[in-house]
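The block underneath contains the structure these notes are about, expressed in structure tokens.
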Amino acid sequence: MREPVLEVKGLETVFKTEEGSVPAVNGLDFSLYEGETLGIVGESGCGKSVAALSIMGLIPSPPGRVAAGQIMYRGEDLLGFSEERMRRIRGNQISMIFQEPMTALNPVYTVGNQIEETFRQHRNMSKQEAFQKSVQMLELVGIPLPEQRAGEYPHQLSGGMRQRVMIAMALACRPDVLIADEPTTALDVTIQAQILNLMKDLKKQFGTTIMLITHDLGVVAETAANVIVMYAGEAVEYAGVEDLFNAPRHPYTEGLLGSIPKIDESCEMLTTIEGVVPSLMDMPEGCRFHPRCHYKKELCTQKAPPLVESGASRVKCFKYTDQWPHRNRRTISP
Amino acid sequence: MRQYIIRRLLQAVPILFGITLLTFLIMQLAPGNPLQTMIDPTISMEEINMAEKKLGMDQPKIIQYFNWLREILTGNLGYSVKTGQPVAKLIGERLPATLLLTMSAFFISFIIGVPLGVYSATHKYSAGDYSMTFLAFLGISIPNFFFGLGLIYVFALKLGWLPTSGMATIGADLSGFNGVLVYARHLVMPAIVLALPNLATVMRFTRSSMIEVLLHDFIRTAKAKGLTHRRVIYKHALRNALIPVVTIFGLSIPFLFGGAYITEQVFNWPGMGSLGIQAITAREYPIVMGLNLFTSILVLMGNLIADISYAFVDPRIRYS
Ligand SMILES: Nc1ncnc2c1ncn2[C@@H]1O[C@H](COP(=O)(O)OP(=O)(O)O)[C@@H](O)[C@H]1O
Ligand SMILES: [Mg+2]
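Chains as they are written, first to last, in our numbering: chain A, 1 to 334; chain B, 335 to 654.
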């Protein structure tokens, strides 16, 4: 197996709220391997963005805090880095793009200026050199008339163009890792496809490792090789993309797949997962998914399921352990 | 951009007319007419009528307004009732002193108020922030004259560091650097007194604007790019936070000219404010009206400058 570039171990990020401390990410583990595209899926509110911001060291504090865990980047724990050392990594070795291209760019500076400053910050370039590099980046992300566009302000560009600018900015210093947090969610469907294709192209060109966060399994199917399914602050399933779609293990994953519309099915029934992501304030005992799970047994309400292997996937569910009553022909009185 | 400025300038024209009309009406409403104060009681009615005719006062009000407007446009603001000196000349003599005072106060309030506001915002809820909030409220609520007298007592009478009043010491050498120093020493206290409430307002406004801007997504983007804290705050946040602060540019001009009336009186500063107070007590209507008109125009210009500054700081206005 290739070396992991980034290894997240037991990550726990909490927010102080008026009702007390809430864990938005609670014991998250995963590895990101050199050159791969890892998809992270889950309904909104599952802690995907919080996980990403924890890696970037950008959890707003207060109220947030990384309470436990390690984030190993090429063998060193980012959580132990000084703010200054972390700053040098951001935008340079690890970059991030965000969901809302409409608000993620500063309205009072030209897009050229906003790309330039990344070069100037990390590469100590002169103004002219940084400008030329920025124009090159704009060209690279497929913006027509890049020289002219560089002099324009964000409000003069469309959403898709702005997201291209964000990508240009994030890739300017050729980072090791790109964290893309719902990069296409706010865009039209046709533009979504263009942006995803662009990301795939650039990935091929630079070999960037990508962590692609989305709640859209369609996006994952198109781009990722491996997928993590997150639920209520933790990873519940790790799978190759083929396995995820053909043989989903976790009941939550099944539910997510059921909620994708399929064009070839004549009956337009959309199954959705009943209920909502539990509030972080009153997390259910045992398996966090059990209140919404069709397979629920008493066992699930009592203790948290372990992470077990099932085929090539790993899943946090009692169904795949030998404690599962069905398999063992043991019955537990209801 | 040019279009925007031209549009703003054109919009100012009707307002300017409104100001002259209002000033004229107030002048008409004032009791008595200028003749009554000029004549002696022995004069005959016939002679009064002749004088009225000569001065155009027998004509309809609307004609009188346009006659007056024509005079104003040629720079004639009328004459002092008592001394017969042209009002324009009286104001002209006092204008530099008032401009010096108000502009100093203007710069003090922004040059100090903005950084303090930024500090407060970036150190929200710290001891520093709380003390500055306290001082700001003190600054807004202490009356000008009280603060002024307090400063005079401490720095002029007790410590003797600064002169008590006036704009320059009589008989002092006012040439070159020495002159600048003399004026500066006289200017310090009145400028601070006049600036204080405005400074406090600028500071509070900058603070809340900055706090709001720091929550925007583009601040997170700037941090995610690995920019230094300094660049995030002073480049990305401040520039956006200043957009609403520019409104205070315009608002502070009438505020400062108004405040100058009291401050000039306290410090015996020979400006338009003390001229105004003297004119009001002496019922010198032409001078009061001249000052009124003049100040209104300055305020209008202040707002114009604020509007144009908006376009400079916010490209969304510039390009729409
Ligand atoms: N700044 C914050 N303050 C308090 N709670 C927060 C904050 N940011 C995120 N959270 C909590 O973390 C949870 C996960 O949020 P997030 O990671 O944004 O979800 P998503 O998976 O949709 O990206 C939210 O439900 C919210 O309760
Ligand atoms: Mg999110």
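Heads up, the beta-carbon is just placed ideally off N, CA and C, and yes, glycines get one too.
Span separating the alpha-carbon of residue i from that of residue j
{"i": "residue 559(B)", "j": "residue 83(A)", "result": "14 Å"}
{"i": "residue 266(A)", "j": "residue 245(A)", "result": "Residue placement at residue 266(A) cannot be trusted, given a pLDDT of 47 that sits under 50; what the coordinates show is reported in the next sentence. Spanning the two alpha carbons is a distance of roughly 20 Å."}
{"i": "residue 269(A)", "j": "residue 43(A)", "result": "In this prediction, residue 269(A) has a pLDDT of 48, which is less than 50 and means its spatial position is unreliable; what the coordinates show is noted afterwards. The straight-line gap from Cα to Cα measures roughly 20 Å."}
{"i": "residue 120(A)", "j": "residue 555(B)", "result": "16 Å"}
{"i": "residue 87(A)", "j": "residue 562(B)", "result": "7 Å"}
{"i": "residue 424(B)", "j": "residue 579(B)", "result": "35 Å"}
{"i": "residue 626(B)", "j": "residue 591(B)", "result": "11 Å"}
{"i": "residue 540(B)", "j": "residue 449(B)", "result": "8 Å"}
{"i": "residue 204(A)", "j": "residue 33(A)", "result": "15 Å"}
{"i": "residue 491(B)", "j": "residue 498(B)", "result": "7 Å"}
{"i": "residue 431(B)", "j": "residue 593(B)", "result": "14 Å"}
{"i": "residue 291(A)", "j": "residue 50(A)", "result": "24 Å"}
{"i": "residue 194(A)", "j": "residue 254(A)", "result": "28 Å"}
{"i": "residue 165(A)", "j": "residue 532(B)", "result": "41 Å"}
{"i": "residue 168(A)", "j": "residue 434(B)", "result": "50 Å"}
{"i": "residue 335(B)", "j": "residue 645(B)", "result": "7 Å"}
{"i": "residue 382(B)", "j": "residue 358(B)", "result": "22 Å"}
{"i": "residue 516(B)", "j": "residue 522(B)", "result": "10 Å"}
{"i": "residue 221(A)", "j": "residue 53(A)", "result": "24 Å"}
{"i": "residue 610(B)", "j": "residue 465(B)", "result": "37 Å"}
{"i": "residue 481(B)", "j": "residue 595(B)", "result": "15 Å"}
{"i": "residue 46(A)", "j": "residue 530(B)", "result": "50 Å"}
{"i": "residue 542(B)", "j": "residue 572(B)", "result": "12 Å"}
{"i": "residue 651(B)", "j": "residue 316(A)", "result": "54 Å"}
{"i": "residue 151(A)", "j": "residue 143(A)", "result": "13 Å"}
{"i": "residue 248(A)", "j": "residue 238(A)", "result": "10 Å"}
{"i": "residue 286(A)", "j": "residue 310(A)", "result": "20 Å"}
{"i": "residue 526(B)", "j": "residue 26(A)", "result": "55 Å"}
N-terminal and C-terminal residue of the alpha helix (DSSP H) that residue i is part of
{"i": "residue 314(A)", "result": "Careful: residue 314(A) lies outside any alpha helix (DSSP H), inside the beta strand (DSSP E) at 313–316."}
{"i": "residue 447(B)", "result": "421–456"}
{"i": "residue 606(B)", "result": "606–615"}
{"i": "residue 534(B)", "result": "510–547"}
{"i": "residue 181(A)", "result": "Where residue 181(A) is concerned, there is no enclosing alpha helix (DSSP H), although the beta strand (DSSP E) it sits in stretches over 177–181."}
{"i": "residue 399(B)", "result": "395–407"}
{"i": "residue 309(A)", "result": "Run containing residue 309(A): none in the alpha helix (DSSP H); it sits in the beta strand (DSSP E), 307–310."}
{"i": "residue 141(A)", "result": "Careful: residue 141(A) lies outside any alpha helix (DSSP H) and carries neither H nor E."}
{"i": "residue 253(A)", "result": "251–258"}
{"i": "residue 584(B)", "result": "572–601"}
{"i": "residue 620(B)", "result": "619–647"}
{"i": "residue 410(B)", "result": "Where residue 410(B) is concerned, there is no enclosing alpha helix (DSSP H), given that its DSSP letter is neither H nor E."}
{"i": "residue 659(B)", "result": "Residue 659(B) lies beyond the stretch modelled for chain B, which goes from 335 to 654, so this question has no answer here."}
Residue i, enclosing beta strand (DSSP E) - first and last residue
{"i": "residue 13(A)", "result": "4–17"}
{"i": "residue 234(A)", "result": "234–240"}
{"i": "residue 376(B)", "result": "Residue 376(B) -> no beta strand (DSSP E), and no H or E assigned at all."}
{"i": "residue 70(A)", "result": "64–73"}
{"i": "residue 33(A)", "result": "20–33"}
{"i": "residue 277(A)", "result": "Where residue 277(A) is concerned, there is no enclosing beta strand (DSSP E), given that its DSSP letter is neither H nor E."}
{"i": "residue 38(A)", "result": "37–41"}
Residue i classed as buried or exposed, judged by whether at least 16 other C-beta atoms fall within 10 angstroms
{"i": "residue 397(B)", "result": "exposed"}
{"i": "residue 18(A)", "result": "exposed"}
{"i": "residue 336(A)", "result": "There is no way to answer for residue 336(A), as the model of chain A reaches only from 1 to 334."}
{"i": "residue 484(B)", "result": "exposed"}
{"i": "residue 418(B)", "result": "exposed"}
{"i": "residue 598(B)", "result": "buried"}
{"i": "residue 197(A)", "result": "exposed"}
{"i": "residue 38(A)", "result": "buried"}
{"i": "residue 314(A)", "result": "buried"}
{"i": "residue 380(B)", "result": "exposed"}
{"i": "residue 624(B)", "result": "buried"}
{"i": "residue 89(A)", "result": "buried"}
{"i": "residue 557(B)", "result": "buried"}
{"i": "residue 109(A)", "result": "buried"}
{"i": "residue 629(B)", "result": "buried"}
{"i": "residue 77(A)", "result": "exposed"}
{"i": "residue 175(A)", "result": "buried"}
Under 8 Å from the C-beta of residue i: neighbouring residues of chain E
{"i": "residue 647(B)", "result": "Absent from the structure is chain E; the protein chains it does hold are A and B."}
* Quick one: residues with CB closer than 7 Å to any heavy atom of ligand 2, in chain order, please. => 44(A), 48(A), 49(A), 99(A), 181(A), 182(A) and 213(A)
Quick one: complete beta strand (DSSP E) runs, 3+ long, within the region 203–237 of chain A? 209–214 and 226–231
Self-check item: Uninterrupted beta strand (DSSP E) stretches inside the region 81–122 of chain A (no shorter than 3 residues)
Solution: 94–97
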